[in-house]
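Residue numbers (full-length UniProt numbering): 1 to 724.
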């Protein structure tokens, strides 16, 4: 624990101007980011008597080892830079609102030639207009199903669209009038884009104009005695009104606004947001976060605004934002929102009328969300704590394993061998820490064994070795090895005690590093700059991929896999990480060097946690292995031909009918394909000549080898074997 006075800037060093500051810990990781109108006054508050600081602030300044700052010209720039740094460095002592779920949005891909309406989650993309968020995806689909009667916009995937265009026949929605079928040319791209823009206008709240237009059309059709068309328009009007009824009118003046409410206690805060468009609630979302810093309600509101609008532009930022407390000062935040929208934004506290009543409703939702979260967390925390304690007791660990890493090997009949690493912290999955590996059977540049065949033991040895080599490498880069070595020398640690030298046990070729033994004379190679996974970021302050060691390593398997994992760590000098294996079927827990397994009670929370960790590792590995196998099976020798794109590949296959006939063609025959020149034809012929011939197709019903090119393709290995 550092003394803040040891890194306090000298008098006069800190400028008296707006800026953004960041605290770093002893390893250079950014742990806190803040902004200030006056850097000098704000930073002085952190270096006062520790007894006068808030407990969380005191923890932060004693964890930090240095402070630095960047001067900006305005407070708006400071707000923008603070948001960028929080997003980039993910500092542990900043309040970060994270959704407890991924909310679905209704998205219209206006950036495509034929815009598509679909449900989307996750990060927002350019060229896509979003509406929402919604609480449930089914609510979006119900709304879209009603609106497609009036706005028959494309909803199919790119593959379905392309296939329909090739066969000249639309999908089912095209036949029942819920798609305008641009894939077969029923309408032009311009007409389809106009439909998509009308759909967006309706979803944005401009509903009255569309309903009035349809009502006029219905009256005209009735006057002209076109009763069938009038009936269709009547049904369209009913569909639009039913879609509007799904969101009740809450503000009579058709306001576009976001209402934000905060419920908090000393430890946590819940935020609820209602998105009101055209006077109707179009979406709702909420977060619950730990208050890891001393922050007021106004500060929580400011953080929520940064989270909500930091990535938004234009109409996604409403004209009006209603909050329970105004940030201090409010002018920079208002200017920042105005810049994001491109027009004036009003940020205020509602005082009376419908808006205040709706704010009370939002606040009530925030209170209920906080109460529900605390109830769930109390129950879940008790269960997780009991599970970790049971694991520690059963495995005879000194402390409860707060970080558990589980490894699994997956392959199909010895092909496409991959491994997964999943991480559970405090009993919960930490998906951002998940990693996956391709098994290569190499130590650096030396091929030790071929990563083929069902050798889970050697694969497990490789992946454990690669993971902990990265850990040792990053410890060395951060200087922790030097400190540990100095402490060991001070204690008189013998050089010949059998422990490997940590400075020589690190292999920087981590993309393929796997080892059965370590050369004690091998120097530490620098990280490969071409491999982003090997790039260390100490100077930038972001957490590194393998910087944190687990307290427990779980492998999917029995005694052989456990022994391989233990041997890999012993070769690297890792002796402070426990290892166990969870065997399938009998759910026995195996420990290194033990002849008999540890059997946990079937009702044990500890066993249940180990099963969840093991099953998650298996799922993650199997998904990666199937994706890898799918790419391999779909690959073609033409994919590796430089300068040959998808269009010309399809033209070649269409011209010759099959890859076999293309392989037998001469360069002159290949040149006859439109768009293929002689140089490209020579490259294609050379690539096909060196590529191995494909395996013969097999009739799965009779087992006979199919020689005819027009016969159906061979069965995939998945039909003859089983994924592991």
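Where a beta carbon is used, it is the ideal one built from N, C-alpha and C, also for glycine.
For residue 134, no beta strand (DSSP E) run applies, since DSSP gives it neither H nor E. Residue pairing by DSSP places residue 408 opposite 420 in a beta bridge. Taking C-alpha positions only, residue 119 is separated from residue 105 by approximately 6 Å. Annotation for residue 301: no beta strand (DSSP E) segment contains it, though the alpha helix (DSSP H) segment containing it runs 297-309. Setting aside the 5 residues that flank it on each side, residue 370 is surrounded in the same chain by 263, 268, 270 and 288, each with a C-beta closer than 7 Å to its C-beta; the list follows chain order. In this structure, the straight-line span from the alpha carbon of residue 50 to that of residue 460 is close to 49 Å.
Counting C-beta pairs closer than 8 Å gives three or more between the stretch 15-24 and the stretch 64-83, which meets the contact rule. Unbroken alpha helix (DSSP H) stretches of 4 residues or longer found wholly inside the stretch 618-693: 646-656, 659-664, 667-671 and 678-690, given in chain order. Boundaries around residue 275 are those of the beta strand (DSSP E), 268-277, since no alpha helix (DSSP H) includes it.
If you look at residue 208, you'll find it isn't in any beta strand (DSSP E); it sits in the alpha helix (DSSP H) that goes 208-223.
Counting along the chain, the unbroken beta strand (DSSP E) around residue 70 starts and ends at 66-71. About 6 Å separates the beta carbon of residue 439 from that of residue 419, a gap short enough to meet the 8 Å contact definition.
Residue 119 sits in a strand when the DSSP states are folded into three classes. By the Cβ rule, the stretch 406-422 does not count as touching the stretch 633-653, because fewer than three pairs are nearer than 8 Å. The C-beta of residue 410 has 16 or more other C-beta atoms within 10 Å across all chains shown, which makes the residue buried. Here residue 94 is buried: its Cβ has 16 or more other Cβ atoms, across all protein chains shown, within 10 Å. Inclusion of residue 629 and residue 592 in the CB contact set at 8 Å is not warranted, their separation being larger than that value. For residue 219 and residue 227, the gap between their C-alpha atoms comes out near 10 Å. Annotation: the continuous beta strand (DSSP E) that includes residue 435 extends over 435-438. Within its own chain, the residues whose Cβ lies closer than 6 Å to the Cβ of residue 321, once the five positions on either side in sequence are excluded, are 258 and 347, listed in chain order. By a beta-carbon distance limit of 8 Å, residue 458 does not contact residue 437. Their separation comes to about 13 Å. Fully enclosed beta strand (DSSP E) runs of no fewer than 3 residues occupy 19-24, 30-36 and 66-71 of the UniProt domain "GIY-YIG" (16-95), in order along the chain.
Closest in alpha carbon position to residue 413, among 626, 265 and 376, is 626. Beta-bridge annotation (DSSP): residue 320 is paired with 257 and 346. In this model, residue 355 and residue 280 are separated by some 12 Å (Cα to Cα).
A direct Cα-Cα distance of roughly 58 Å separates residue 675 from residue 558. Membership of residue 339 in the alpha helix (DSSP H) is indicated by the continuous run 330-341. The Cβ atoms of residue 400 and residue 388 sit closer than 8 Å to each other.
Scanning its chain for C-beta atoms nearer than 7 Å, with the 5 sequence neighbours on each side dropped, one finds around residue 673 the residues 651, 652 and 655, in chain order. The shortest C-alpha to C-alpha distance from residue 421 to any of 62, 408 and 169 is the one to 408. With contacts defined as CB atoms closer than 8 Å, residue 134 and residue 283 qualify as a contacting pair. By the C-beta density criterion, residue 166 is exposed, having fewer than 16 other C-beta atoms within 10 angstroms. In the DSSP assignment, residue 570 falls outside any beta strand (DSSP E) and within the unbroken alpha helix (DSSP H) covering 559-571. Cβ-Cβ separation between residue 31 and residue 129: approximately 37 Å, too far for a contact (criterion under 8 Å).
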